[in-house]
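Student: Chains as they are written, first to last, in the numbering used here: chain A, 1 to 347; chain B, 348 to 694; chain C, 695 to 1041.
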Amino acid sequence: MKFDELIYLLQKGSAGVNKYFLGNNPEVTSCASIDLATSKQLSFLEKGNSLIHELTNSKASALLLPKQTDLQEIACKKDIAWVEMCDPRLGFAESLDILHPTKKPIKGIHPSAVIEDNVYLGDDVYIGAKVFIGEGSQIGSNTIIHPGVVIYEEVEVGENSELHANSVIHSKTKISKRCVIHSNAVIGSEGFGFVPTKKGWRKMPQTGIVVLEEDVEVGSCSTVDRPSVGETIIGAGTKIDNLVQIAHGVKTGKDCAMASQVGIAGGATLGNGVILAGQVGVGNRVKVGDKVVASSKTGIHANVEAGEIVSGFPAMPNRLWLRCSAIFRRLPEFASNIRELRKDSSE
Amino acid sequence: MKFDELIYLLQKGSAGVNKYFLGNNPEVTSCASIDLATSKQLSFLEKGNSLIHELTNSKASALLLPKQTDLQEIACKKDIAWVEMCDPRLGFAESLDILHPTKKPIKGIHPSAVIEDNVYLGDDVYIGAKVFIGEGSQIGSNTIIHPGVVIYEEVEVGENSELHANSVIHSKTKISKRCVIHSNAVIGSEGFGFVPTKKGWRKMPQTGIVVLEEDVEVGSCSTVDRPSVGETIIGAGTKIDNLVQIAHGVKTGKDCAMASQVGIAGGATLGNGVILAGQVGVGNRVKVGDKVVASSKTGIHANVEAGEIVSGFPAMPNRLWLRCSAIFRRLPEFASNIRELRKDSSE
Amino acid sequence: MKFDELIYLLQKGSAGVNKYFLGNNPEVTSCASIDLATSKQLSFLEKGNSLIHELTNSKASALLLPKQTDLQEIACKKDIAWVEMCDPRLGFAESLDILHPTKKPIKGIHPSAVIEDNVYLGDDVYIGAKVFIGEGSQIGSNTIIHPGVVIYEEVEVGENSELHANSVIHSKTKISKRCVIHSNAVIGSEGFGFVPTKKGWRKMPQTGIVVLEEDVEVGSCSTVDRPSVGETIIGAGTKIDNLVQIAHGVKTGKDCAMASQVGIAGGATLGNGVILAGQVGVGNRVKVGDKVVASSKTGIHANVEAGEIVSGFPAMPNRLWLRCSAIFRRLPEFASNIRELRKDSSE
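1. Could you compute how far the alpha carbon of A/Ser58 sits from the alpha carbon of C/Phe886?
2. Are the CB atoms of A/His182 and C/Pro1105 within a distance shorter than 8 Å?
3. So if I threshold CB-CB distances at 8 Å, which residues from the segment 455-478 of chain B count as touching chain A?
4. At 3 residues or longer, and completely inside the segment 569-613 of chain B: list those beta strand (DSSP E) runs for me, N to C.
5. When the Cα atoms are used, what is the spatial distance from B/Arg677 to A/Val286?
6. Report the residues of the segment 492-513 of chain B with a CB closer than 8 Å to any CB of chain A, ordered along the chain.
7. Which same chain residues, not among the five before or five after A/Pro88, have their C-beta less than 8 Å away from its C-beta?
8. Could you name the residues of the same chain whose beta carbon sits closer than 6 Å to that of B/Lys621, not counting the 5 residues immediately before and after it, in chain order?
9. Any Cβ of chain B within less than 8 Å of the Cβ of C/Ala1009?
10. Strictly below 7 Å CB to CB, what residues from chain C border B/Asn684?
11. Residues of chain C with a CB under 8 Å from the CB of B/Met551: which are they?
12. Any heavy atom of the ligand HEM closer than 7 Å to the beta-carbon of A/Gly140?
13. For A/Ile109 versus A/Ile127, is the C-beta spacing smaller than 8 Å?
14. Per DSSP, which one or two residues make a beta bridge with B/Ala384?
15. B/Gly566 to B/Ile534, Cα distance in whole Å?
16. Using 8 Å as the Cβ pair cut-off and three pairs as the minimum, do the segment 77-95 of chain A and the segment 12-32 of chain A touch?
17. Which residues share a DSSP beta bridge with B/Gln485?
18. Considering only residues of the segment 505-537 of chain B, which uninterrupted beta strand (DSSP E) runs meet the minimum length of 3 residues and lie entirely inside it, listed in chain order?
19. So B/Phe675 contacts chain C; which residues on that side make the cut at Cβ distance below 9 Å?
20. With 8 Å set as the bound, which would you pick, yes or no: does the beta-carbon of C/Thr917 sit closer than that to a beta-carbon of chain A?
21. Residues in the segment 43-70 of chain A with C-beta within 8 Å of chain C's C-beta atoms, listed in sequence order?
22. Can you check DSSP and say which residues form a bridge with B/Arg549?
23. Would you tell me roughly how many angstroms separate the C-alpha atoms of A/Ser171 and A/Tyr152, rounded to the nearest one?
24. From which residue to which residue does the alpha helix (DSSP H) around B/Leu357 run?
25. I'd like to know whether the C-beta atoms of C/Cys780 and C/Phe715 end up nearer to each other than 8 Å.
26. Give every residue of the same chain whose Cβ lies closer than 8 Å to the Cβ of C/Lys713, excluding the five residues on either side of it in the sequence, and list them in chain order.
27. So with CB distances below 7 Å, who are the chain C contacts of B/Val542?
28. On the three-state DSSP scale, how would you describe C/Pro720?
29. Do we get a CB-CB distance below 8 Å when we pair C/Arg1017 with the residues of chain A?
30. Given that B/His447 touches chain A, what residues does it touch there, using C-beta distances under 7 Å?
31. What in chain C is Cβ-close to B/Asn531, meaning under 8 Å?
32. In or out: B/Pro679 buried (at least 16 other Cβ within 10 Å) or exposed?
33. Beta strand (DSSP E) containing A/Phe21: first to last residue?
34. Find the residues of chain B that neighbour C/Ala726, judging by a C-beta separation of less than 9 Å, and give them in chain order.
35. Touching or not, the segment 719-726 of chain C and the segment 806-823 of chain C, by the rule of three or more beta carbon pairs under 8 Å?
36. Tell me which same chain residues have a C-beta within less than 6 Å of the C-beta of A/Leu163, skipping the five on either side of it?
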């Protein structure tokens, strides 16, 4: 489409169109990163000058720019069309939806799917090949279930959700509207609960359930366990990356984000808007306050107050950890200093 | 059921019924945690007073209590029926089995299952939809194989085992009696063995097998690899949580427990009763003695003697690690102390 | 086969046969490790004396030995036949292929496989039970697709590749020749990209693709994500173990090796021949140079120059980390030294 048509569509979005420079109103057919974009491609820049070199060399036809005069001037000089947006990254997301619309599977039920008794299917669902849906489960309207998914008994899946290939949903799990479960994820499997006895580990039956509130995503090969009693709850809008473990009885607030390989132990609770970077661990029954951020590999073994940024293991304030880590590298020097001082003092 | 009926059934269990207070012999229909339990619900408390506040406010109808007078007195005052047990946690596990019996799938073979030639199926097996069982495999009596499981050739699965949905069992794996394989776990895949050559990595063929002894559990999305020659062995009664990696040629003793995201490198051996907390790593060919406990995120790079509790990376005795970690936080202070001392001493 | 026949076949390989001692030219039927080998079994030793005790006690019938006189003399004395090879480990890999040939599935398409329109299948493919292949995908000749695999639309899989059971390949992924995807791995799933907005996380559409170059292996339950725009690329000959996360937009060079539970964050790049041990993390957009080696649990947060060996978190040169870690254990002693020195100095 022509760039002015794209701008017209972006104006209906939430990213805030301010002003624009149409140039020769180029044809824009796809999106690319600023360094790789070529003719007919759209790219974006955020505030700052970290990519100014890439901009200077860019072959993009059109750009989403922040309110930043120098970037806009370079684009004008290079005769690249641009539009100034309040949030160019959000504008790029909206442009991707416009220029690269996702091909949704055609509604219907594949004849190889196995659907047990008393299953409720909403309107316009897609049930792929070799899907299994257990007795008494309910699938909301417009929901897409890709090939090979296994849904045990009495599961609820809300409207407009998408379950990717070969994921597994265990009995009685409640998945709300607009959730996405990625391939090979497992929701509602048994929590890891055992009672030590003289004859070895005795399983604590896991009779609780998992609840995913609205707009939750769970990444590929991630696991969310059900508890012995009660519920494991993932709060609305929370996004979980690949290979993440959510143990039995965990409760997260709304809009949390957990990067890959995070592990949250049994009974831990996260507030709203918590962000955990890759490979972070959270201990049993620990409480993590609202908007806490933990950098990668952090081990959170004790409660963390709302708003803190933590790092290291055991977790400590990020600034303190940065200082301590810098000193850690210099320990050999300090050790030799101490040796000398002790020598001096004993003389 | 009435509480006295439950007590009668618990007396047949192993958790040790001592004495009880029937109160009005309430109806008990389900189990819950002490803070969430309401009318007709059973809960439990263990020794100690950490949950005394929850007990005081509890709306449970009945309790499993330890031998601890103050807890029993509070329960009596609140007119909550209770039974004193030697092991209330074990009693709770038994109560869950009584009050929340697991619905087992009805025996039989789903018509969509694909069973190759020379497969032996024991009595009363359940083979779910879309299961694949390769040539020459043997499935013991009463074993449950959920939908989507893929079993390669010449696999042995013992009696009373359960394989959850979409798990994969590779050729010649031996799974003993009463094992549980959770959804999307992979048992017996090729070990990660390559020989460096001038033309790049050359695969070391992985011709060995995986053996799971009796009563082993493997969590969702966990992987147990087979070795180039010989066996990878998981000892009887060992429990493995989700997303755990057991590399080729590992041998574990009996009754070990490994929490989520543990990784055990090739050829390592664990003794009996080893407990590894979340995200622990064990290095190549390392030997970990009986009853070793490693706290979360520990990196075990060298052999550990039986009975030790280790932490940190590289792993060290837990007590030492706690002290060192506490000092780590104070490194900026010590660094400034040293600077001052050196200034003084050079004056 | 007789040992001289095996030697004849090994001479055609790349491991370099030098000289040999046939002894009574034993029958050799299988391979085993030096400590477990018995009659009719072949084993190998590499340079060094670490396994000399095992050799002295070995019951193997034949050995692959390095150019090392003492080992050869012991073997002669024990009347064990041997052949001296330039690379006995490589010779063992070749012997495994000779003595334990992998049983490949018989070519053909299982009737339960679901193959959508416009799918191209090369010659001599094996398509297992319950495989799903989406519209427009192309499968190269001699490729093996095990039961339960789900291939979305417009995927390309090269010749002589192997996709293990229940793995999932997302739309437009390009898998080159001779790749191996292990069970339950997920290739081409959506990258974890979200834009923060006032209404919560807004998905950044992930319209890019994943490219696996020739001879790549991806382990069981590993995940390789596609980016919002552009490509995630795994370089030729790179081997990835189980439970590894490769985030959107990562690019690796050729012949890298990543052990289990490694996580590589979005946009990071690895050079050629990079080796990452278990549980290593690499941060967003970090550049790791050619032939870098990172020991287990290393956290690489900043660029690393070619050829470096790094350890620890934040990553530092391995030698430095070893020294610092040794001192870390002695921090209580140093803390008490400082206390004393300060006491002395204030007196």
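By construction, the Cβ of each residue, glycine as well, lies at the ideal position given by its N, Cα and C atoms.
Tutor: Looking at the coordinates:
1. 26 Å
2. One cannot answer for residue 1105 of chain C here, as it falls past the ends of chain C, which runs 695 to 1041.
3. His457, Ser459, Gly475, Ala476 and Lys477
4. 570-573 and 578-581
5. 24 Å
6. His493, Pro494, Gly495, His511, Ala512 and Asn513
7. Ala15, Phe44, Leu45, Glu46, Leu64, Leu65 and Pro66
8. Correcting the residue type first, residue 621 of chain B is Val in the shown sequence and not Lys. Here the set comprises Cys603, Val635 and Val639.
9. no
10. Ile1032 and Arg1036
11. Arg783, Phe786, Ala787 and Leu790
12. No copy of the ligand HEM appears in this structure; indeed no ligand is present at all.
13. yes
14. Note: B/Ala384 sits in no beta bridge, so no partner.
15. 11 Å
16. yes
17. B/Tyr467 and B/Glu503
18. 533-537
19. Phe1022 and Leu1025
20. yes
21. none
22. B/Val542
23. 5 Å
24. Phe350 to Gln358
25. no
26. Val777 and Glu778
27. Arg783, Leu784 and Ala787
28. coil
29. yes
30. Pro205 and Thr207
31. Asn860, Asn878 and Cys915
32. exposed
33. Val17 to Phe21
34. Val576 and Gly577
35. no
36. Ile145, Val149 and Ile181
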